[in-house]
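Chains as they are written, first to last, in my numbering: chain A, 1 to 284; chain B, 1 to 284; chain C, 1 to 434; chain D, 1 to 434.
Some notes on the structure that comes next.
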Amino acid sequence: MSDRSTIADAFADGPAFIPYLAAGDPSYEASLEYVEALDRGGADIIELGLPFSEPIAEGPTIQEAIVRALEGGMTPERFFEFVEDLEVEASLVCMTYYNLIYQYGTGEEGPRPFVERAAAVGIEGFVVPDLPAEEADPLRAACDEFGLDLIFIVAPTTRGERLERMMDRVSGYVYVQARLGTTGARDDVSDQTGATLERLAGYDVPKAVGFGIKTGDHAERIVAAGADGIIVGSALIDIVADGHASGAAVEETAAALETRARELVDGAARGAAADGNVPEPEQP
Amino acid sequence: MSDRSTIADAFADGPAFIPYLAAGDPSYEASLEYVEALDRGGADIIELGLPFSEPIAEGPTIQEAIVRALEGGMTPERFFEFVEDLEVEASLVCMTYYNLIYQYGTGEEGPRPFVERAAAVGIEGFVVPDLPAEEADPLRAACDEFGLDLIFIVAPTTRGERLERMMDRVSGYVYVQARLGTTGARDDVSDQTGATLERLAGYDVPKAVGFGIKTGDHAERIVAAGADGIIVGSALIDIVADGHASGAAVEETAAALETRARELVDGAARGAAADGNVPEPEQP
Amino acid sequence: MTDPTQTTKPGRTDRPDGSFGRFGGQYVPEALMPALEELEDAYGRYVLENEDGFMDEFRARLADFGGRPIPLQRADRLSERYDREVYLKREDLLHGGAHKLNNALGQVLLAKYMGKERIIAETGAGQHGTATAMAAAHLDMPCEIYMGRTDVNRQRPNVFRMRINGADVNPVDAGRGTLKEAISETMRDWSRTVEHTHYVIGSIVGPHPFPAMVRDFHAVISEEAREQCLDRLGDLPDAVVACAGGGSNTMGAFHHFIPDEDVSLLAVEAGGSSLEVDEAAGVAPNSATLSTGDEGVLHGARTTLLQDSHGQIMESHSVSAGLDYAGVGPELAHLVETGRVTPVNVGDRVALEGFHRLSTEEGIIPALETAHAFGYLHEVCAEDGAIDDDPLGETIVVNVSGRGDKDLETVIEKTAEMGLEAAPDMSVFDGGLR
Amino acid sequence: MTDPTQTTKPGRTDRPDGSFGRFGGQYVPEALMPALEELEDAYGRYVLENEDGFMDEFRARLADFGGRPIPLQRADRLSERYDREVYLKREDLLHGGAHKLNNALGQVLLAKYMGKERIIAETGAGQHGTATAMAAAHLDMPCEIYMGRTDVNRQRPNVFRMRINGADVNPVDAGRGTLKEAISETMRDWSRTVEHTHYVIGSIVGPHPFPAMVRDFHAVISEEAREQCLDRLGDLPDAVVACAGGGSNTMGAFHHFIPDEDVSLLAVEAGGSSLEVDEAAGVAPNSATLSTGDEGVLHGARTTLLQDSHGQIMESHSVSAGLDYAGVGPELAHLVETGRVTPVNVGDRVALEGFHRLSTEEGIIPALETAHAFGYLHEVCAEDGAIDDDPLGETIVVNVSGRGDKDLETVIEKTAEMGLEAAPDMSVFDGGLR
Ligand SMILES: Cc1ncc(COP(=O)(O)O)c(C=O)c1O
Ligand SMILES: Cc1ncc(COP(=O)(O)O)c(C=O)c1O
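Here it is, written out as structure tokens:
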């Protein structure tokens, strides 16, 4: 595990709120506003999606966001400019698929050029949904070289040797996938979440739970169940999509995002207070 | 060969004119008029078609006549009434397919009941296009019993042993098929006709040529080539069909038929005169 | 190929004109008789006596081009459902998708040996037409197919396949525009062109030697099936079930079992919408000739027919174009008369249910013709009752005469119309094939 | 099934994650990794080691249900035309009408051995979907198929066949609505349902162990073809030609010839309307991945792809839905890189000409996918030039991967659009399939 992690600090004082948006959805400018609104709303870490044409791990909500972002002209290079243009306090994590990382630069040097450039613009970590631990060594090495975190997703089905292999390589936090399936906002809280958190209890890395979190209430229950952070994507993108569809002003949508962010932050805080079982943030 | 033939007499004084019509085309009443008009026009023998639903030997002209006659309600029983109602001098030959002959009566006695009834109404012979000599013995026997003729069709391809077999069984006349194919009026005279007539020269039975004869001119050439008679169907049915299609009065169509009949009779006579080779009519 | 124990001699039968008992013969226009003589001669030499290695070449082409031998497959789920052993003879796997190629390939090859230069054929479902078009393309012979207008419209994919194989397709407008009219029209063409053209008739119908010859080309079905049964089951089956239009499928499936008197042979005809007949209109809403017809002469042979009391041929009806014919082959008529073959029938609805059952339970989409056999199987086997008493017994071979790709549209339409229960939800099909 | 001389070990390859040289791997969401482990284990035991007689049952079902062995046929007229020996491996005769059943049957049976309760699959041309639906019906497994909306519209008959076999068909609206999107969508379903569902992938693509396993199921093609060549010709062919989409057809046809270094192996890709690429629009008017693509990661594997300079996957295009894919299997990418397989391509027009040529000259209507192989054959063989210099040589085996029943409508439309010369007059087709 990398010992250069800075992201873990975000878990230091209470449960972390980790929103996800697709960069450039529905346009470069609007997307900047939205990300900044989430930052104001209390984001500790922001997962910024760099859109890939074949997002096999995403449900319909994020797929559509990706289509909007691609149609708006988002590319890896624009993405890095986007990050440079952002004014946020939260740590930034880049969420994308491996082919975009792999192709960057000459395409002959593997993931290194991408990581180097990401580090230069202030990205602090990666989530790569189609890169299991087994294929991650080249990216892990590049991250180590430039001091970035590599976050892995733990699925409800991840166990035993494979879990070990992943925990050997993870840094920053683990992304606990709350249920089987693709991303997307749901109305219930999965039983699988508790079981996964239990399996992870022995590992000293923050556990952020995602997939399907929608309301403050969800956030509360997830944190009460032992999560160190909540990751929220589709529920926020629904707000972006609604605003886009209805032609609402960018400020209006940004305000709605900020409001929802606060609701989620408050819910998470309630969850932490209720059970008092907020895990002590580890010092790396 | 039957020695009760009366049909052969029709060939006694010059070439015989043998028109064909489908009985009941396009209606019972009109059809009676048309047959009688041909009789007035000089018919020596009339081939009266009893329509069958699957007329495999007919071209489109006669097929359509058959459809009209069937739609007009023609049946074997009506056909016999039709023959009884006719007032003509010409000998009458029934042209039909074997299934109708075979099914008549109880359907268990073979062709006999049909032949018996035909004889009773004054039919003097049969042409059955789907009954080759090989299958004809039962019908031949019934014809013998009731004194009727059984006419066979000689095709351009009929030769050798098969021709012998047919000539052993034929009576009345042989129907010389002028060309390969189905019935239908044509504008030319086939070369095959002469060749067939030559093959038949040694047999002492009248040779009537049919398939495609249309005009007096055709008739002339056919007779000049050695035919003892001409059989004309489609060219006459064209007149019936035209009259039917244009809604002409029955008398008008009848008159046109009579005119065409005379033209054909005259043509045949010219043919006989020109070559002087009208064969001596045999006395049975 | 020939079998000394069969009731009628192959090729040459009881009478010199090629009868099967009272049935058969050569009731055709005189112009065609020499061609039949020529064909009889060629059949005798090439087919029966393997002159010039004809049969060897035929067998080799059936194997390489056609895909023979064709498997005999155990139908696991039907066997379980009916608690019997149900085996499928998979003629649907033959090139072209039906048993028809056996005969088409045989005849086109024979025409080549005879020096003919052109092929004509009639077709009903289009299966014989496509088989003939394929065989003609394969053997480099020009080919024209006659097809009733009604059939052209309800079997479009097959029309396209014939055209794509380079054959001309001539729609026939006479009558109701089905197989009967197509045969009549092809005979007319043949009367004109007989000297250089061979008429590849599509079933065991027509004048001698067609019924015997077509049967011999198809007999490979029962030859294989019988051997496969002996190899796999160590025994003969209790029954062989096959659908019958003209009867080539039945005779192909039955021929080598005929001497095995303990094997029941079931010919399943199309019961259409009803077995009643409308005499006045000349229409039979079925084509259950063997069950409801009687003796007559049609298309060159004395056989069992659907006809009215005057002897006019009826317009038959079936949801499956390939069974929609008012006659049967003379040999089949004879075997029914002598009791060796049992004629049965099922209607359109039961056939469609059979179609869906085989498709969803066995993963084989049968032709609608074939589906009649499965409809019948179900009618017998789904009953409670002692197996000993029923006509099928424990071990049953069903001949899967063809695949149903050609029938998709009809099936979708009819399934909706009849509101069939067993069928999958077809609502996504709204809008038909395009 | 396994061959000690092949360059990569079957099942387990150079690296423990199942690579072929640089290519392969398991680039999938974490949630699927346990399923891949489970599958790898099952593949090792059942397929490679024939545990519980799995391979015996698979082979027996391929024979009885599928119709194997499949003939190797000499193409008489093409051989004459090109003055070479052209042989056809007739996978079009396999049940369902394409080589696809080899794999579908293998995987559905494996899923059953693994205790899975549900089958999902993607499909492009609909051939893999119909094969999977048939196999699932045959083995009594519920089945859902994902198919891009564009493909649903251009391969309607196959949609109907899947439904009639009882499978659900889920149209995918994302992207251009072709195979690429269908695969992505099926992976999403699998991520949700992985515990009781098996994803029957339709080509040698995807994460390990799919590429090796799918190849092994299809390897029966080359196993038979190689034996048939030795039996009939007493020798190996000079070349094997097969069309490549994802590559299952090529790898099936090539696998057992790989150690025979004198046998040229030609993978024919779809050249579409042009080999040029529209970077800005992200569109390749072809799917000639091996000729024009480069390395990347797609659908679980590192392989050769059509992608833009950023790594976004291109929308590929081909007249044949089954070749219309922006990637190839990692093993094929590897064999091309090492020079063992030669990638070539022909465009839509040449493929259509090949389609008509095989149909009218050999009496076999090929799938449009397959037609690409014949288009290529013609391009090489119709040239004047020394046979020694060209990539094919004297004796050529072409894999007839499928039949063209599904393509009639497209062919009619495109033939008219392109005004092809070699094609039969299509004017009677006005009005399309109904
Ligand atoms: C699939 C199939 N099965 C059976 C038949 C019936 O064959 P026959 O008319 O020779 O009995 C046909 C005829 O077209 C057919 O296509
Ligand atoms: C008939 C046919 N041939 C070839 C192919 C290509 O197979 P693959 O994509 O595995 O190369 C397909 C795919 O659908 C097909 O249907």
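Glycine residues also receive a C-beta, built at the ideal position from the N, C-alpha and C atoms.
Short CB-CB distance (under 8 angstroms) between residue i and chain E
i        : result
A/Tyr-34 : Included in the structure are the protein chains A, B, C and D, with no chain E among them.
Within 8 angstroms, strictly: CB atoms of residue i and residue j
i         : j         : result
C/Gly-252 : C/His-99  : yes
D/Val-277 : D/Ala-267 : no
C/Pro-207 : C/Gln-26  : yes
D/Val-122 : D/Ile-183 : The question names Val, but residue 122 of chain D is Glu in the sequence shown. In contact: D/Glu-122 and D/Ile-183 (Cβ atoms closer than 8 angstroms).
C/Leu-105 : C/Arg-61  : yes
A/Ala-65  : A/Asp-25  : yes
B/Ala-69  : B/Ala-22  : yes
Limits of the unbroken alpha helix (DSSP H) element including residue i
i         : result
B/Gln-192 : 191–200
D/Glu-85  : Segment 85–89 is the beta strand (DSSP E) holding D/Glu-85; no alpha helix (DSSP H) there.
Whole-angstrom distance between residue j and residue i, CA atom to CA atom
i         : j         : result
A/Asp-9   : D/Arg-22  : 38 angstroms
A/Leu-200 : C/Ser-79  : 51 angstroms
C/Tyr-82  : C/Leu-323 : 26 angstroms
A/Ala-241 : A/Phe-211 : 18 angstroms
C/Lys-89  : C/Ile-396 : 10 angstroms
A/Glu-161 : D/Pro-34  : 11 angstroms
A/Pro-60  : A/Gly-181 : 12 angstroms
B/Gly-72  : B/Asp-130 : 24 angstroms
D/Asn-399 : A/Ile-237 : 49 angstroms
D/Met-141 : D/Gly-97  : 21 angstroms
C/Thr-370 : B/Asp-144 : 49 angstroms
D/Gly-177 : A/Ala-249 : 32 angstroms
D/Arg-156 : C/Glu-409 : 11 angstroms
heavy atom of ligand 2 below 7 angstroms from residue i C-beta
i         : result
D/Gln-155 : no
D/Lys-116 : no
D/Glu-409 : no
Min CB distance residue i to chain B below 8 angstroms
i         : result
C/Val-200 : no
C/Glu-30  : yes
C/Asp-14  : Because the pLDDT of C/Asp-14 is 39, which lies under 50, any placement of that residue in the model is unreliable, and the question is left without a value.
CB contact check: residue i to chain A, cutoff 8 angstroms
i         : result
D/Lys-406 : no
D/Lys-414 : no
D/Ala-270 : no
Span of the beta strand (DSSP E) around residue i
i         : result
B/Phe-114 : Here B/Phe-114 belongs to no beta strand (DSSP E); instead the alpha helix (DSSP H) covers 112–121.
D/Gly-24  : 23–27
C/Pro-211 : Segment 210–218 is the alpha helix (DSSP H) holding C/Pro-211; no beta strand (DSSP E) there.
D/Leu-72  : 72–74
B/Lys-207 : 207–210
Below-8 angstroms beta-carbon distance, residue i vs any chain D residue
i         : result
C/Met-418 : no
C/Pro-366 : no
Chain C contact for residue i (CB, 8 angstroms cutoff)
i         : result
D/Ile-396 : no
D/Glu-383 : no
B/Thr-48  : According to the sequence displayed, residue 48 of chain B carries Leu and not Thr. Taking Cβ atoms only, chain C never reaches closer than 8 angstroms to B/Leu-48, which makes this a no.
B/Arg-40  : no
D/Val-319 : no
B/Tyr-98  : yes
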